[in-house]
Each structure stands twice: as structure tokens, then as C-alpha cells.
Amino acid sequence: MRGFLARRTAALGVTVLLASFVVFLIPYVTPGDPVRKIIRSQVQGELVDESAVQGLTAELGLDDPLPVQYVRWLSHFVSGDMGLSYTSRTPVIEHVMPALWITLSLTVVTLAVAAIAATALGTLAALREGRLTDRVITALTQALIAMPEYWLAPVLVLVFALNLSVLPSAGWSGPSSMVLPVAVLAIRPLSHFTSAVREGMLDALGGEHVLAARARGLSHSQTVFRHVIPNGLLPLTTLTGVWFAGLLGGSVIVEVIFAIPGMGRLLYDAVLNSDIPLAQGGVVFVVVLAVVLTTAGDLLHAVLNPKMRNSHA
Amino acid sequence: MSEGLIIEHLHVGHGVPPAQRRWAWKRRESGRGPEPASTPLLSGVDLTVAPGEFVALVGASGSGKTMTALSVLGLLPPHVHIEAGSIRLGGTDLTRAGEAELNRVRGGRVGMLYQQPKRVLNPRRTVRSHLLEPLALHAGLRGKAAEERALELLSGAGFPDPASCADAYPHQLSGGMAQRAMMALALAGRPELLLADEPTSALDPVLERQVLDLIDRQRREHGLGVLYITHNLATVAAYADRVAVMRAGRIEESGPATAVLNAPQTDCTRTLREAAALTPDAKPRRAVDHEASAAVVLDRATKRFPGRGRDARPALDEVSLEVRDGEILGILGQSGSGKSTLARLVVGLETADAGRVARAGDGAAAPSRTPGRDVQLVFQEPHDSFDPRMRLRTSLEAPLLTRGGTPAARRKRIHQAVKEVDLDPTILDRYPSQCSGGQLQRLAIARALLLEPSVLICDEATSALDAVTQRTVLDLLRRLHESRRLTLILISHDLSVIRYMSHRVAVLHRGELVELADTADFFARPRHEHSRQLVAAALPPACAILEDQRLSQPNVALNH
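Taken in order, these protein sequences are the chains called A and B. So for the first sequence, this note's numbering puts the first residue at 10; every next one is plus one. So for the second sequence, this note's numbering puts the first residue at 201; every next one is plus one.
Right, here's the structure in full:
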């Protein structure tokens with residue numbers, strides 16, 4: 010277990026470093042010279058003074074070798090200095106933190122809703138395998154997964170915000186504004202979770218230890234709660250970690266449609282405005298969080314599984 | 201606790217439950233298909249187990265032994281129903297009992313043991329957590345009292361350190377330990393009846409004796425009635441008061457164990473008896489040429505698996521062994537003694553960390569990573585050694601694909617091989633789930649033979665089969681040994697199989713080769729202490745006991 014922990018942590022560090030290097034390279038691979046971009050954003054007119062370009066290049070250390078620049082960039086970054094946004098001229102971190110907070114709460118609520126609903130639906134489907142309940146649940150989750158977010162979101166807005174006027178159609182103000190975005194975001198993880206829970210439960214139900222538990226005198230429901238559900242939910246831990254990562258970066262469509270000032274929205278705007286420091290800061294944060302959360306899901310899975318907890322491998 | 205278990209005229213079927221069948225006329229009238237019927241699984245089973253009685257239920261796999269036990273607990277699989285008959289336990293009619301009543305019987309008045317103890321324990325719960333369930337449900341014990349009783353049960357099941365066993369998860373237990381923990385679990389509700397479904401089939405003789413003696417002690421001291429399902433007649437002869445022989449859902453014959461085994465009245469019992477009679481001289485084997493060259497040589501071969509924790513004992517420790525060409529070598533040893541590691545080294549699935557493994561085909565090459573075509577391996581679980589989604593033809597064709605040849609030629613080869621193991625080639629169009637264990641094990645042998653190996657390793661290849669099927673597979677192996685000059689390495693924990701088959705016996709103990717001797721010598725005078733334990737623990741073959749007399753006290757001092 011300790012070895013497993015060490016390996017996963019090391020892998021985490023390597024992934025984050027690699028990702029940060031790729032992010033660092035963004036301005037070098039995007040067309041145009043970053044120095045000219047900076048100067049152009051500060052001075053009026055088309056003409057850029059060549060001596061100013063050289064001066065700024067030296068001042069910013071851009072004539073140093075790439076690795077030196079990377080280390081400098083990284084150390085600034087780690088100390089919280091991510092530069093100024095090109096568009097607003099304010100520190101990137103002041104944009105990223107609140108956006109991250111919003112997306113994080115959106116994601117946590119979405120996954121909690123999806124996991125709880127999927128546990129109920131998946132367990133029910135497994136316990137009624139092959140019967141009407143199972144078939145309805147399975148068909149429903151298949152149908153839901155086929156509904157794209159950019160279609161579902163406007164439909165929900167039309168029905169609940171415009172026709173029924175019970176929920177706000179956009180913005181970020183209090184719990185009611187969360188309902189529609191969460192509903193849209195939860196659809197895909199819900200479908201995925203439900204089928205995983207159903208499979209896990211069927212696996213657990215078919216185990217000989219379930220029959221043996223009945224033979225010890227446990228009632229059907231006692232057996233289900235003690236020996237089936239805890240075992241059947243195990244796959245959900247890893248899956249939640251993966252979806253957490255996916256939703257952090259993948260909530261762009263929903264945030265743009267519902268005008269939520271979250272991470273997806275921030276990156277979307279940063280890219281449209283070629284605001285490179287803002288994009289860099291946002292991407293690095295999303296990547297770090299995604300990697301950390303995926304690893305956390307795996308570790309949770311390991312902790313809950315005695316076979317892995319006790320293995321020395 | 202008066203009359204024990206009485207099963208009368210029990211009929212069990214698969215299909216529509218009787219309660220729903222009264223609508224049958226309606227289905228007919230509306231033209232919705234024929235009258236729903238059910239396929240009989242048990243047809244009129246009569247069986248009694250008095251308190252303190254040891255009743256053995258024997259028969260081939262699929263004959264309905266387990267189904268009988270499950271009917272007692274009211275835990276039949278879906279769509280399987282009791283059609284008629286009664287099951288009474290000390291005056292309670294279990295076929296009419298409600299779910300609440302049955303839950304008091306299950307684990308309370310009736311305990312159960314299984315063939316695969318590790319599969320019936322929840323992998324995510326400790327032994328303690330398992331034990332606390334029946335203690336709370338049936339003995340009303342909670343908290344400290346339950347804890348104490350749990351440890352008491354474990355020490356009663358032969359655990360010198362019950363607390364550490366209680367903390368263990370199933371995967372940390374060996375097969376023998378898991379079965380003893382199951383025993384503690386089965387006895388937690390102070391049952392009057394124990395249903396034991398082949399609890400020792402997967403155990404080596406030493407562990408088998410431990411479990412049987414535990415059961416027998418409960419029987420003698422607490423008047424526990426035992427219904428013991430087995431296909432091992434040696435166990436029946438040594439322990440059972442009465443025996444019932446099952447075939448195709450019927451009790452063919454029943455009576456006192458000695459009488460039934462000594463003078464079988466039905467063909468079914470006679471077949472079982474003959475199959476179990478693995479007497480060493482039943483058939484002469486082809487003599488081994490002592491001058492013959494070596495087929496496999498192990499020279500101080502050592503294999504260590506990384507990270508196996510505290511005890512860094514190698515799985516195989518400097519084993520030197522020479523298997524002669526055309527020989528049948530039996531390898532004995534308890535589970536975890538390194539038998540399978542040895543097999544995997546010889547085949548080339550693993551490489552030795554130190555020492556040398558050479559096969560006749562390799563020349564003097566160093567241990568190579570490519571699996572030797574010359575050595576083939578047959579595994580224990582036939583159902584696990586075929587891809588369940590492939591037709592058997594495809595599975596058998598796979599090893600030939602790398603060797604070229606036209607599809608027609610391959611087809612011919614496969615058909616030949618299948619005929620060689622006494623099967624009809626039409627079986628090749630089936631999926632593994634449509635075949636019996638015995639058929640699949642023959643096909644596994646056929647597949648191994650397709651590559652024309654000179655050495656065949658059978659790793660417990662007959663341990664999962666019932667006695668009759670085991671016998672046919674063993675005789676097939678002997679025939680192939682004769683006709684193909686095949687060198688066989690047989691790995692088994694069953695001494696009678698090794699004795700029946702092999703020229704020489706090698707004994708592995710904790711990764712070391714502790715004895716290598718000619719079979720007759722070995723069984724007459726085992727030299728190493730561990731070999732003596734194995735030979736002493738083995739129950740004498742059923743026929744041998746009966747010719748002398750039944751063991752009145754089957755306890756042999758076991759030092760473990």
C-alpha cells in the first residue's frame with residue numbers, strides 16, 4: 010500500500026510537470042511573437058519600435074534558453090504570480106480563483122446528484138434484473154446519454170425558465186440558479202454511473218458469498234445492504250474521480266449557455282480574446298485539480314478494497 | 201432436537217412454479233403456447249439424518265446433491281421450485297415455513313459448508329465481521345459477548361491465534377484456514393444439522409483430515425447431524441454411518457456405509473466404486489527406460505516473487521530434478537508448496553531467478569523467455585481455461601494458427617486430436633458453457649496435444665472433476681502416455697491419483713524438494729517427515745478399508 014501510494018504520487022508529480030510544460034509552450038507555438046503582442050497591447054498604432062522589442066525581450070528574459078525560462082515561469086507560477094491578464098490588466102489569479110470555486114461547487118453538486126441517483130437506479134435495476142423496472146431504467150439511461158448538452162440545455166431553459174418561469178435561465182445567484190446547469194451536467198455521468206452500479210451490483214449479487222450470507226440466516230434485504238451494495242458500489246469510486254476531472258474542463262458548453270462565470274467560461278473567453286496568461290493559469294489549475302482528483306479516486310478505491318490495502322506490491 | 205432431518209418424496213423442478221400453473225387452462229384457451237411445465241431436477245428424494253448421524257450423499261456432478269442441500273435451506277436458484285414432498289427438521293415442515301421461520305433455520309438450526317470457502321466469504325469483510333452476523337441473529341449475542349464467542353469458535357476450529365484470524369480478510373487465508381473459519385461460522389448458531397457440500401475436495405490430505413475430524417468431533421460431542429456431500433468414497437468409508445447414492449435426481453441406493461460400499465446393489469454404485477478404486481496395479485504401465493535421456497532438467501532452480509512481504513521465502517528454492525523421457529512423475533505438496541510455480545517454470549511461463557531449467561528441445565540454451573512448444577500445460581479449472589465467448593473450434597485452432605497450413609489441414613488436425621481424447625468432433629461447435637467439466641478437460645488435453653509436445657504437465661487437472669470423470673481422464677492420460685510416449689508431470693494433492701499414475705513421486709514442501717522416490721517405495725516408506733504426514737493423513741482407499749474393517753476411531757494423531 011505504501012509503495013502504491015508512493016508510485017501514484019510520483020506519477021501525479023510527473024503528469025503535472027509535463028502538463029505545465031505544455032502549457033508553458035502555448036505562447037511559443039501560437040502564431041505571432043509574444044513580445045510584439047505585449048507591446049501592441051500597450052501602444053497605439055501599427056508600428057512597433059524594434060529597439061523596444063529587443064529591450065522588452067531582454068527585460069522579460071526571453072533570450073534565455075527555453076529550460077531556464079520554463080523554470081523561472083514555474084517558480085513564479087508556484088508562488089502565485091501568474092502574470093497579468095492581457096484584457097483586464099489585473100492579476101490572473103484574481104480571475105482564476107473565483108471561477109475555479111464556482112466550477113468546483115457546480116461539479117461537486119453534479120457528481121453528488123449523479124452518484125446518489127445512480128446508486129438508487131443501478132441497485133434497483135440490478136435487483137429487478139430482466140424485469141420491467143430494469144428495462145425502463147436501462148432504456149432511460151441509454152436515451153439520456155444520447156441527448157447532447159447543447160440541445161438539452163436550451164430545451165430545459167425553454168420549459169422551466171421561459172414557459173413555467175420557476176427557475177432562472179442564466180447567471181450565478183444562489184441555489185436556484187444551479188438547478189438547470191446541474192441537471193444538464195449530471196445527465197452523462199448519471200447514465201455512466203447507473204450502468205456501472207448495475208453491473209457492479211449484478212456481480213456482487215451473483216457472488217457465492219451472497220448465497221452463503223442467506224444460508225447464515227440473513228434476510229434478503231439484510232444481505233443486500235451488508236453484502237451487495239457496499240461491494241457493488243466499489244467501481245463508483247474510481248469512476249467519480251475520472252468524471253470529476255472530465256467535468257472540470259468539460260463544463261464549457263453549460264457555463265457558456267447558462268452564463269455562469271466558471272472555469273469553462275473563463276477559458277472560453279481567454280481563448281477567444283487570445284488572453285494567453287489567463288488561459289495558461291486556468292489550464293494549469295484545471296490540469297492539477299483533474300490529476301489530483303483522479304488519483305484521489307484511485308486511492309479511495311484502494312483504501313476501500315482490502316485486497317489492495319494489504320498488498321505489499 | 202428430536203428426529204433430525206427427514207426428507208420425503210422431494211420433487212424439485214425448474215420452470216413455472218406450481219402456484220402459477222393453475223392458469224394453464226387459460227393459456228391453452230387463449231392459444232398462448234403449451235401448458236407451462238417444469239423440468240424435474242429431483243424426483244422423489246427420500247433421505248433422513250438423525251441427530252449425531254453422519255450421512256454421506258455421493259454421486260456424479262449434476263446428480264442433484266447440492267440441490268438437495270439447498271432445498272433444505274429453502275435457497276433454491278431462481279425458477280427452481282419444490283414441486284412436492286416434505287422436508288422436516290425436528291418437527292418443523294420447512295417446505296411450508298415462512299421466510300422468517302426459514303431465516304431462523306438458516307445458519308441457526310442448519311449450518312452449511314462449501315467446496316470453495318474463499319468464494320463464499322465476502323472479500324471486503326473480515327472473518328470477525330462474518331462471525332458476528334450469525335451470533336447476533338441466532339445466539340442474540342452482541343458487543344463483548346459476541347466478540348468472545350467468536351474467538352472461542354475460532355479456537356474451537358483449530359486456530360491457535362484466533363484473534364489474528366478474526367482480523368484477517370478472506371484473501372489472507374489459505375484454503376485450509378478458510379475452510380476452518382467457515383466451520384466456525386457454520387457452528388456459530390449452534391446448529392443441529394450440518395450440510396457439508398464437498399468441503400474437502402480442494403484440500404490436501406492433511407487439511408482434509410483436520411476438517412473431517414473437526415466435523416466428526418462436533419458430531420460425537422454435540423449430537424450434530426451431518427449430511428456430507430462428496431464424491432470421495434474413501435471419506436464415506438472412513439466417516440459415514442450411512443450413505444445415499446444419487447443419480448439423475450434420484451436416490452439410487454442407500455443404507456449403512458459398509459453394506460452399500462461392500463455389496464453395491466446398483467450399477468451406479470458399482471461404477472462409482474470402480475472409479476474410486478485407483479489401486480496402483482490396476483493396469484501395468486509402460487516401463488521407463490532408465491537409460492532414457494532427460495526430458496526436463498531443473499538444476500538448483502529458484503524462483504522468488506517480489507514483494508510477498510515479511511517472509512522472503514522463495515516460492516521455489518534450489519530445486520534440482522530430472523524428469524526422464526517417457527516417465528510419469530507425480531508431484532505432491534500442500535497448497536503453497538511451489539507445485540504450480542514449478543510447472544510454470546518448466547513450461548516457460550516464468551523464468552528462474554537462479555539455477556537452470558532445461559527442456560529436451562532447448563539444447564543447452566539458457567532459460568529462455570519464449571514458452572517451450574515442447575512442454576504443454578493443462579490447468580485445474582476446465583471452465584477457466586477456455587474463452588467463454590469463443591466456440592471451442594476457435595479455441596483449439598488458435599495454437600495452430602502460428603504454424604501455417606491450410607484451414608482444411610488444421611481442421612483435420614483438430615478433428616484427429618478430438619477423436620484421440622474420445623470426443624465427437626461435433627462438440628467443437630459448442631461454447632464452453634455448453635460442455636461438462638470432463639468434456640472440457642479432455643478438450644484442454646486435446647488442445648495441448650495439438651502442438652505435439654513431448655512433455656505434458658497436468659496441474660491438478662482432475663481435482664475439480666467427480667470420481668467417475670476423474671477416472672476417465674486419468675485413464676485417457678495413461679493411454680496417451682502409452683501410445684505417444686508422452687512424458688507426464690502430474691501435480692496433485694490427491695495421493696491416490698499420484699499412486700495410481702506415476703512411476704516416481706516428488707514431494708515439495710515450502711518451496712523445497714524434500715523427497716524424490718519410486719512410487720512403491722514412497723508409499724511404503726516415506727522418508728521425509730512431511731511425506732510421512734501426507735501419507736499418514738491420506739484416507740485409505742475405500743476398498744482397502746472395507747476389506748479390513750471400518751475405522752472405528754478415524755482420528756490419527758496429526759502433528760501440524
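Beta carbons: idealized from backbone N, C-alpha and C, even for Gly. Computed from a predicted model, the values in this text were never measured in an experiment.
- A:Val292 is the residue among A:His201, A:Ala148, A:Val292, A:Arg274 whose C-alpha sits nearest the C-alpha of A:Val31.
- For B:Met383, no Cβ of chain A is located within less than 8 Å of the residue's own Cβ.
- Looking at the backbone, the Cα of B:Ala495 and that of B:Gln534 are separated by about 25 Å.
- Contact annotation: in the segment 275-299 of chain B, residues whose CB is within less than 8 Å of a CB in chain A are Leu275, Glu299.
- Taking C-alpha positions only, B:Ile287 is separated from B:Val272 by approximately 7 Å.
- Under the Cβ criterion of 8 Å, A:Arg223 is counted among the residues facing chain B.
- In this model, B:Val255 and B:Asp416 are separated by some 11 Å (Cα to Cα).
- Rounded to whole angstroms, A:Pro163 and A:Pro184 show a C-alpha spacing of 19 Å.
- Close to chain B, meaning a Cβ-Cβ distance shorter than 9 Å, are the following residues of the segment 224-243 of chain A: Ala224, Arg225, Gly226, Leu227, Ser228, His229, Gln231, Arg235, His236, Pro239, Asn240, Leu243.
- For the segment 383-399 of chain B, residues whose beta-carbon sits nearer than 9 Å to a beta-carbon of chain A comprise Leu385, Ala386, Ala388, Gly389, Leu395.
- Closest by C-alpha distance to A:Ile266, out of A:Glu208, A:Ser178, A:Leu220, A:His229, is A:Ser178.
- Cα atoms of B:Leu210 and B:Ala269: separation of roughly 12 Å, rounded to the nearest angstrom.
- Annotation: the segment 501-550 of chain B contains the following complete segments of the alpha helix (DSSP H) (minimum length 4 residues), in chain order: 539-547.
- By DSSP's assignment, B:Cys468 forms no beta bridge with any residue.
- Residue pairing by DSSP puts B:Phe254 in a beta bridge opposite B:Val426.
- For B:Leu688, the uninterrupted beta strand (DSSP E) segment begins and ends at 687-691.
- B:His709 is bridged by DSSP to B:Glu712.
- Apart from sequence neighbours up to five positions away, the residues of its chain that approach B:Glu712 with a beta-carbon distance below 6 Å are Asp517, ordered along the chain.
- In this model, B:Leu313 and B:Ala368 are separated by some 19 Å (Cα to Cα).
- Taking 7 Å as the cut-off between beta carbons, the residues of the segment 320-346 of chain B near chain A are Val320, Leu321, Asn322, Pro323, Arg324, Glu333, Pro334, Leu337, His338, in sequence order.
- For A:Glu59, the enclosing alpha helix (DSSP H) begins and ends at 59-68.
- Counting the other CB atoms within 10 Å of its CB gives B:Gln616 a total below 16, which places it among the exposed residues.
- Just measuring C-alpha positions, the residue of B:Gly376, B:Leu205, B:Gln733 sitting nearest B:Leu407 is B:Gly376.
- Chain A has no Cβ within less than 8 Å of the Cβ of B:Gln580.
- Taking a Cβ-Cβ threshold of 9 Å, none of the residues of chain B is close to A:Lys46; the smallest such distance is about 53 Å.
- According to DSSP, residue pairing for A:Arg45 in a beta bridge does not occur.
- The closest CA to that of B:Leu708, considering only B:Ser540, B:Arg684, B:Ala300, is found on B:Ser540.
- When CB distances to chain B are screened at a threshold of 8 Å, the residues of the segment 300-317 of chain A falling below it are Leu313, Asn314, Pro315, Lys316, in chain order.
- Of all alpha-carbon atoms in B:Leu337, B:Val673, B:Leu680, B:Ser585, the one lying nearest the alpha-carbon of B:Val655 is that of B:Leu680.
- Taking all protein chains shown into account, B:His279 has fewer than 16 neighbouring C-beta atoms within 10 Å of its C-beta and is therefore exposed.
- In this structure B:His422 is exposed. Its beta-carbon is surrounded by fewer than 16 other beta-carbon atoms within 10 angstroms.
- Any Cβ of chain A closer than 8 Å to the Cβ of B:Met312 would place that residue at the interface, and such an atom is present.
- Counting along the chain, A:Pro239 sits inside no beta strand (DSSP E); it lies in the alpha helix (DSSP H) bounded by residues 238-241.
- Around the beta-carbon of B:Pro391, 16 or more other beta-carbon atoms lie within 10 Å, marking it buried.
- B:Gln576 has B:Leu656 as its beta-bridge partners, per DSSP.
- A Cβ-Cβ contact shorter than 8 Å links B:Gly530 with B:Ser692.
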